Amino acid sequence: MDLKEKINNIAVAQRLALSDKEIRILSQQLQDVLKAFDALDQIDTNGVEPSYHPVALSPRLRPDEPKPCTNPTGNHSRKEKGYLKGPRMMR
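The numbering of the sequence shown is numbering that gives the first Met the number 0, which starts it at 0 and goes up by one.
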């Protein structure tokens with residue numbers, strides 16, 4: 000199956016109405032992209048460590064210091080007998 004048929008099948012599946020000219024243009028663009036990937040496949044990467052991020056990142060978070068929780072319901076407006084009171088589920 001050539002690229003034009005593949006593009007046409009994708010267009011049909013996605014319900015796109017492409018003209019012959021658009022299919023030719025997309026076919027050429029897809030061919031260029033595939034050539035670029037073929038060129039990347041030719042590069043010898045043996046012994047090269049993967050680069051997950053081009054710049055080393057350091058965490059920008061403060062150190063985690065546990066503190067005792069003295070008033071867990073202090074900022075909640077609906078509480079009853081020391082517990083949080085939620086909305087009624089049944090009437």
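Here a beta-carbon is modelled for each residue, glycine too, at the ideal position from N, C-alpha and C.
Predicted model only: the values in this text are computed from it and were never measured.
Enclosing alpha helix (DSSP H) for residue i [first to last residue]
i: leucine 33; result: 19-40
i: lysine 80; result: Run containing lysine 80: none; DSSP gives neither H nor E here.
i: asparagine 70; result: Careful: asparagine 70 lies outside any alpha helix (DSSP H) and carries neither H nor E.
i: valine 11; result: 2-12
Where residue i falls, given that 16 or more other Cβ within 10 Å makes a residue buried
i: isoleucine 6; result: buried
7 Å Cβ shell around residue i - same chain, five flanking residues per side excluded
i: methionine 89; result: none
i: serine 26; result: Leu2, Lys3 and Ile6
Spatial neighbours of residue i in its chain, beta-carbon cut-off 8 Å, leaving aside the 5 residues before and after
i: leucine 17; result: Ile6, Asn7, Ala10 and Leu25
For the pair the region 23-36 and the region 54-67, tell me if three or more CB-CB distances fall below 8 Å. no
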